[in-house]
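Enquirer:
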Amino acid sequence: MTAHVETADETTRSRLTYRAIAGYAEKIAERNGVVAENGHVDVRALLQQLGGEIQIDNGQESLTIRDVHDFTVHIPRHTSKLRDRFTIAHELGHYFLHFRAPDDRRRGPVIKRANRTGSNVAETQANVFASNLLMPAEQFRAAFEDADGDMREVAKIFEVSVPAAKVRASYLGLLE
Numbered sequence: 093m094t095a096h097v098e099t100a101d102e103t104t105r106s107r108l109t110y111r112a113i114a115g116y117a118e119k120i121a122e123r124n125g126v127v128a129e130n131g132h133v134d135v136r137a138l139l140q141q142l143g144g145e146i147q148i149d150n151g152q153e154s155l156t157i158r159d160v161h162d163f164t165v166h167i168p169r170h171t172s173k174l175r176d177r178f179t180i181a182h183e184l185g186h187y188f189l190h191f192r193a194p195d196d197r198r199r200g201p202v203i204k205r206a207n208r209t210g211s212n213v214a215e216t217q218a219n220v221f222a223s224n225l226l227m228p229a230e231q232f233r234a235a236f237e238d239a240d241g242d243m244r245e246v247a248k249i250f251e252v253s254v255p256a257a258k259v260r261a262s263y264l265g266l267l268e
């Protein structure tokens, strides 16, 4: 079967609010048992449990979905481990919000292309999902407090970039 190629601009956005997306992401991690006590989420284990795989190549970040439990996250060779974690979480956001969504009637092979430089709603939703998946609110607050606000230490716990941790801390009202 030939895959249909669509960009995130063509993706039907989820009807969930950003708050609901945040809760959804955290519940997925919890239900799949991939959250450590300190809040670190093993996104690679989650991907594998869901039937996904990673392909590292010279292409761009993207998601190929062949079926519900058969999909591939494509990661460029030149990216960092931290970027790759975010990419996996971001593409899982597309998978859950834009492919497996209850109101999504599309099925069959789909290639979704990531375009994080754009400002479309589907990409923002995937970013919100990724942020909440990688940095669950309760554990993030605890880590922030334990680290006395040291963003490098917090970022290390969650294996995210310092800028990503700062954005999360700001969103949670932890930074002035």
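Numbers given in our numbering equal positions in the sequence shown, counted from 1, plus 92. Glycine included, every Cβ here is placed at the ideal spot set by N, Cα and C. Every value quoted in this text rests on a predicted model; they were computed, and no experiment measured them.
Beta-carbon within less than 6 angstroms of alanine 257's beta-carbon, same chain only, minus the 5 sequence neighbours each way: which residues are those?
Expert: Counting only Cβ-Cβ distances below 6 angstroms, and skipping sequence neighbours, we find Met243, Val246 and Ala247.
Enquirer: How would you call valine 133, buried or exposed, if buried means at least 16 neighbouring beta carbons within 10 angstroms?
Expert: Valine 133 comes out buried.
Enquirer: What are the complete beta strand (DSSP E) segments, minimum 3 residues, inside the segment 118-154?
Expert: The segment 118-154 contains these whole beta strand (DSSP E) runs: 144-149.
Enquirer: Does the distance from the CB of valine 126 to the CB of leucine 142 come in under 8 angstroms?
Expert: No, Cβ-Cβ distance for valine 126 and leucine 142 is not below 8 angstroms.
Enquirer: Looking only at its chain, what residues have a beta carbon closer than 6 angstroms to the beta carbon of glutamine 147, apart from the 5 residues adjacent to it on each side?
Expert: For glutamine 147, where only same-chain residues beyond five positions count, the Cβ hits under 6 angstroms are Thr164 and His166.
Enquirer: Assign histidine 190 to one of two classes, buried (16 or more other C-beta atoms within 10 Å of its C-beta) or exposed (fewer than that).
Expert: Buried: at least 16 other Cβ atoms inside 10 Å.
Enquirer: Taking the alpha carbon of alanine 181 as the point to measure from, which residue in Ile120, Leu267, Glu237 and Arg105 has its own alpha carbon closest?
Expert: That would be Ile120, whose Cα lies nearest to the Cα of alanine 181.
Enquirer: Per DSSP, what kind of secondary structure is proline 228 in: helix, strand or coil?
Expert: Coil.
Enquirer: Applying the criterion that 16 or more other CB atoms from any shown protein chain within 10 Å of the CB defines a buried residue, is glutamate 153 buried or exposed?
Expert: Label assigned to glutamate 153: buried.
Enquirer: In this structure, how does DSSP classify threonine 179 when only helix, strand and coil are distinguished?
Expert: If DSSP states are grouped into helix, strand and coil, threonine 179 belongs with the helices.
Enquirer: Checking the sheet assignment: what are the DSSP bridge partners for proline 255?
Expert: For proline 255, which the question treats as bridged, DSSP gives no partner whatsoever.
Enquirer: For the candidate residues Arg177, Gly144 and Gly241, whose alpha-carbon lies nearest to that of asparagine 224?
Expert: The option with the nearest alpha carbon to asparagine 224 is Arg177.
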